[in-house]
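Numbering (UniProt numbering), first residue to last: 1 to 105.
The beta carbon of each residue, even a glycine, is placed where N, CA and C say it ideally should be.
Note that the coordinates shown come from a computational prediction; the quantities given were computed from them, not determined experimentally.
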């Protein structure tokens with residue numbers, strides 16, 4: 001399931017609802033070319049795995065979350081399990097994204 005986050009409260013609510021599933025937080029920008037390139041890959045990963053949730057955070061809309069997670073480049077993926085950050089990946093590298101997700105599922 002891929003969900004768009006509108007603000008910090010919405011983010012926290014969706015993180016809570018994910019329970020024990022692996023959450024990939026996709027920090028992106030609408031003007032970011034690599035973000036657009038990797039988006040369909042994320043969607044296919046979610047479609048293939050019911051234990052995966054993607055939260056899409058637009059850094060221009062949710063600056064507070066971007067600051068909290070020290071986002072300095074897009075895309076940046078934060079991996080969260082049981083509401084705890086377990087890993088980070090910066091850049092649009094499909095192979096690394098898939099491998100990291102598979103290792104954490």
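For residue i, write down the residues that DSSP places opposite it in a beta bridge.
| i | result |
| --- | --- |
| residue 30 | Bridge partners of residue 30: none, in fact. |
| residue 79 | 24 and 87 |
Expressed to the nearest angstrom, what Euclidean distance is found between the alpha-carbon atoms of residue i and residue j?
| i | j | result |
| --- | --- | --- |
| residue 33 | residue 92 | 10 Å |
| residue 14 | residue 46 | 15 Å |
| residue 10 | residue 41 | 24 Å |
Taking residue i as the reference, which of the options has the closest Cα?
| i | options | result |
| --- | --- | --- |
| residue 20 | 99, 82 and 95 | 82 |
| residue 27 | 101, 98 and 5 | 5 |
| residue 101 | 13, 51 and 35 | 51 |
| residue 24 | 72, 49 and 64 | 49 |
| residue 54 | 77, 99 and 95 | 77 |
| residue 8 | 96, 88 and 62 | 62 |
Drop a sphere of 10 angstroms on the beta-carbon of residue i, count the other beta-carbons inside from all chains shown, and report buried for 16 or more, exposed for fewer.
| i | result |
| --- | --- |
| residue 66 | buried |
| residue 75 | buried |
| residue 58 | buried |
Ordered along the chain, which non-local residues of its own chain (more than five positions away) have a Cβ less than 8 Å from that of residue i?
| i | result |
| --- | --- |
| residue 86 | 79, 80 and 104 |
| residue 60 | 29 and 30 |
Can we count residue i as close to the ligand GTP, meaning its CB is less than 7 Å from some heavy atom?
| i | result |
| --- | --- |
| residue 86 | Among the components modelled here there is no ligand, and therefore nothing to report on the ligand GTP. |
Can you list, in chain order, the residues of its chain with a C-beta nearer than 7 Å to that of residue i? Leave out the 5 residues immediately preceding and following it.
| i | result |
| --- | --- |
| residue 43 | 2 |
| residue 71 | 27 and 59 |
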